[in-house]
Amino acid sequence: MTYTTSDATGGGSESKPARETSAIRKLTESQGARSGTYEVSDETGNIRSRSVVIPRRGRPPETELRDHSEIAQHEHVRQLLREAQESAAEVWLAEDLRDTALAGSRLSMALRALWDHRSIREAEWREAVNLLQIVVTGLEFERLTTEQRRAIARIFDEQILVRTVGRSEVERILRLLGDAGFDVWRGLTETEVEPEAG
Amino acid sequence: MPPSRPHAVFLDTSIQVARKIRETPMRQRISAWIRGYALNVSSGVVLQEFKNRVLRDAAYVLTKLRQTGSYAATLDFITNVLPRAQQRKMRICLPMLHRLLPGATDAELTERARLYFRTLLVYGEAEFAREIDSLLNSVDCYWAKTPIREKRPYTSYDFGSKYCDKTNGLCRIGEALKAKEAGCRALLAFLDALPGNRFTPELQRARDALRRIIAADFLGVQAENLCSTAGDLLIALESDGIPEMYTMNYRESQAFCDFFNQSVAVRPNDPSAEEVRYDAATKPWPMP
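Protein sequences, first through last, are from chains W and Z. Residue numbering for the first sequence follows this note's numbering, beginning at 1 and increasing consecutively. Residue numbering for the second sequence follows this note's numbering, beginning at 1001 and increasing consecutively.
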């Protein structure tokens, strides 16, 4: 049986062939920095290859742009949700009713901004944001009951809109709103229609 | 705050509909009134009437939004075009989003209305049940127990039928009424003895249906389609045991509540008016 001892870095004593060193030089004589021609030479100066890198013209592909844009939008939505959470917490915790109203106004603006970015989120998320806006739009936040202010804070504290929204998330929002006495039916009214006389 | 009336109240269809789709002051008054009771109770037949009255309208609005592609055109159609095709006066639900969000464009309102009406259709029944403390279903209404089915989001919703005889025998209303036979016979006797000035066409239909059902020994009750022809009768039977009825419909309630020895709280149609309460212990009550 043979044993080998390893050095401090864990590597064995096996020697590796020395890696060839090479140099890459951009050929700028004719076009300056705009040149796309490169020369690769070995350590002795012999040119091993010459290649031309064709610069990409115009915009990057649409898919790449879209990916970058969506990542940015998702991050922006997360930021808006953090802002909404802070505003909702202040609606709940503010001791001065004027502060409650101001926080409520900021929350409404955050909801509006979230709605503007709805295209990157799933249909149930859009329904939930829409519902929240319908329920709180035009409300005087300083007149909300303690339960209503706490319900608004909990919706954002529980991060319901941060995760993927499905049926249980919408039900949770409806429960919090309904239990606190918000009117989720306020986007609906009835009217009487009757046939025209004669 | 403890309830000022420490007992249960039964919320009938007129109240359950009004608390959701009437003007804001009316909704607020109803909410304030029912907070005064220890328990809020309703029933399966009330839920079924609510589905037919409110949620079917929501599905209709959703369909019109899809057909017209425009919130404004949908609103115009329902308020101006539909009445010309109607043969009778009717009440219908409308979206209110243009008033809640006055700066929104037609495209935004259209999208919002589609999302909102789907929310109501998908979650409306659960909300109905969640907002009360107990949902009684002693007449075993099959369609009340069958939830609205979303076949295609925003497009197709299956409400089932309005009729008991379209349940392939799954409606057990005959058996449920048979179990209440003594009460049904006593109610028929009460309605037979009711003076003419307390009678209404609804009460007459209820009495005639009861007479036929009892004469047939509670067989073939499904063919009566009582949910659509005598809903008040079924709701009254479901409310048996609840000490108070809250309603906007005094004309029929004065008879049924009298029979079941319930007090009745009447919500006037005028939102600024106070409730009128008739106690079970202080009869006779005024004529309808």
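Ideal placement from N, C-alpha and C gives every residue a C-beta, glycine not left out.
Item checked: Within-8 Å CB hit, Glu-192/W to chain Z -> yes
Note to self: Here's a check: name, in chain order, each residue in its chain whose Cβ is nearer than 7 Å to the Cβ of Glu-147/W, leaving out the five neighbours to either side.
What the structure shows: Ala-180, Gly-181
Next item on the list: Please name the residues in the stretch 155 to 167 of chain W whose beta-carbon is closer than 8 Å to at least one beta-carbon of chain Z, in chain order.
Entry: Going along the stretch 155 to 167 of chain W in chain order, one finds Arg-167 with a Cβ nearer than 8 Å to chain Z.
Next item on the list: Run down chain W in chain order and give the residues with a C-beta less than 8 Å from the C-beta of Lys-1089/Z.
Entry: Below the 8 Å Cβ cutoff, chain W contributes Glu-192, Val-193, Glu-194, Pro-195 as neighbours of Lys-1089/Z, in chain order.
Check: Cα-Cα, which of Glu-194/W, Ala-94/W, Arg-50/W is closest to Ala-153/W?
Finding: Ala-94/W
Item checked: Leu-1097/Z vs Ile-173/W beta-carbon contact at 8 Å -> no
Notebook entry, point to check: Name the residues in the stretch 112 to 125 of chain W whose C-beta lies less than 8 Å from a C-beta of chain Z; which are they?
Noted result: Cβ contacts with chain Z: Ala-123.
Check: In chain W, which residues lie less than 9 Å from Leu-1055/Z when you measure between Cβ atoms?
Finding: Correct list: empty, because the minimum Cβ distance to chain W is about 10 Å.
Item checked: Arg-51/W - containing beta strand (DSSP E), residue span -> In the sequence on display, residue 51/W carries Ser and not Arg. Here the beta strand (DSSP E) through Ser-51/W covers 47 to 52.
Notebook entry, point to check: the ligand SAM heavy atoms versus the CB of Phe-1218/Z: any closer than 7 Å?
Noted result: As for the ligand SAM, it is missing from this structure, which has no ligand bound.
Notebook entry, point to check: Buried or exposed: Val-1081/Z, going by 16 or more other Cβ atoms within 10 Å of its Cβ?
Noted result: Here Val-1081/Z is exposed: its Cβ has fewer than 16 other Cβ atoms, across all protein chains shown, within 10 Å.
Next item on the list: State buried or exposed for Val-1046/Z, treating a residue as buried only when at least 16 other CB atoms are found within 10 Å of its CB.
Entry: buried
Check: Would you call the stretch 1187 to 1204 of chain Z and the stretch 1254 to 1266 of chain Z touching, i.e. three or more CB-CB distances under 8 Å?
Finding: yes
Check: Taking C-beta to C-beta, are Cys-1093/Z and Leu-188/W nearer than 8 Å?
Finding: yes
Notebook entry, point to check: Ends of the alpha helix (DSSP H) at Ile-1213/Z?
Noted result: Ile-1213/Z: member of the alpha helix (DSSP H) spanning 1201 to 1215, first to last residue.
Check: Mind checking if Gly-104/W is an interface residue toward chain Z, Cβ cutoff 8 Å exclusive?
Finding: no
Check: Glu-1127/Z and Gly-178/W: beta carbons closer than 8 Å?
Finding: yes
Next item on the list: Pick helix, strand or coil for Thr-189/W, following the three-state DSSP scheme.
Entry: Strand, per DSSP.
Check: If you check the beta carbons only, do Asp-1106/Z and Tyr-1071/Z fall under 8 Å apart?
Finding: yes
Check: Could you give the distance in angstroms between the alpha-carbon of Ala-72/W and the alpha-carbon of Leu-114/W?
Finding: 14 Å
Next item on the list: Tell me Asp-1041/Z's beta-bridge partners as DSSP assigns them.
Entry: First, the residue type needs correcting, since residue 1041/Z is Val and not Asp in the sequence shown. Answer by DSSP bridge pairing, in chain order: Phe-1010/Z, Ser-1134/Z.
Next item on the list: Report the residue from Asp-1057/Z, Pro-1268/Z, Thr-1110/Z whose alpha carbon sits nearest the alpha carbon of Pro-1025/Z.
Entry: Pro-1268/Z
Next item on the list: Answer with buried or exposed for Asn-46/W, where buried requires no fewer than 16 other C-beta atoms within 10 angstroms of its C-beta.
Entry: exposed
Next item on the list: Identify whether Ile-1015/Z lies in helix, strand or coil by the three-state DSSP scheme.
Entry: In the three-state reduction of the DSSP assignment, Ile-1015/Z falls in the helix class, which pools H, G and I.
Next item on the list: Determine whether the Cβ of Ile-152/W lies closer than 8 Å to any Cβ atom of chain Z.
Entry: No - not a single Cβ of chain Z is within 8 Å of the one on Ile-152/W.
Margin query: Buried or exposed, going by whether 16 or more other CB atoms sit within 10 Å of the CB of Val-184/W?
Written below: buried
Margin query: Against chain Z, which members of the stretch 177 to 191 of chain W pass a CB distance test of less than 9 Å?
Written below: Gly-178, Asp-179, Gly-181, Asp-183, Val-184, Trp-185, Arg-186, Gly-187, Leu-188, Thr-189, Glu-190, Thr-191
Checklist line | Beta-ladder partner(s) of Ile-1092/Z, from DSSP | finding: Thr-191/W
Next item on the list: Kindly list, in the order they appear in chain Z, the residues whose Cβ is closer than 8 Å to that of Glu-171/W.
Entry: What Glu-171/W touches in chain Z: Tyr-1123, Ala-1126.
Next item on the list: Say whether chain A places a C-beta atom closer than 8 Å to the C-beta of Gln-1222/Z.
Entry: Here chain A cannot be found, since the structure's protein chains are W and Z.
Check: Which one or two residues does DSSP pair with Met-1026/Z in a beta bridge?
Finding: The partner list for Met-1026/Z (beta bridge, DSSP) is empty, contrary to what the question assumes.
Next item on the list: Compare the Cα-Cα distances from Lys-1283/Z to each of Ser-1263/Z, Glu-1275/Z, Val-1276/Z and report the closest residue.
Entry: Ser-1263/Z
Checklist line | Sub-8 Å separation of Ile-1132/Z and Asn-1040/Z beta-carbons | finding: yes
Notebook entry, point to check: Asp-1140/Z by DSSP, collapsed to three states: which one?
Noted result: For Asp-1140/Z, the secondary structure class from DSSP, reduced to helix, strand or coil, is coil.
Next item on the list: Measure the Cβ-Cβ separation of Cys-1227/Z and Lys-1162/Z and say whether it is below 8 Å.
Entry: Cβ distance < 8 Å, so Cys-1227/Z and Lys-1162/Z count as in contact.
Check: Going along chain W, which residues have a C-beta under 9 Å from Lys-1151/Z?
Finding: Going along chain W, no residue has its Cβ under 9 Å from Lys-1151/Z, so there is no contact; the nearest lies around 16 Å.
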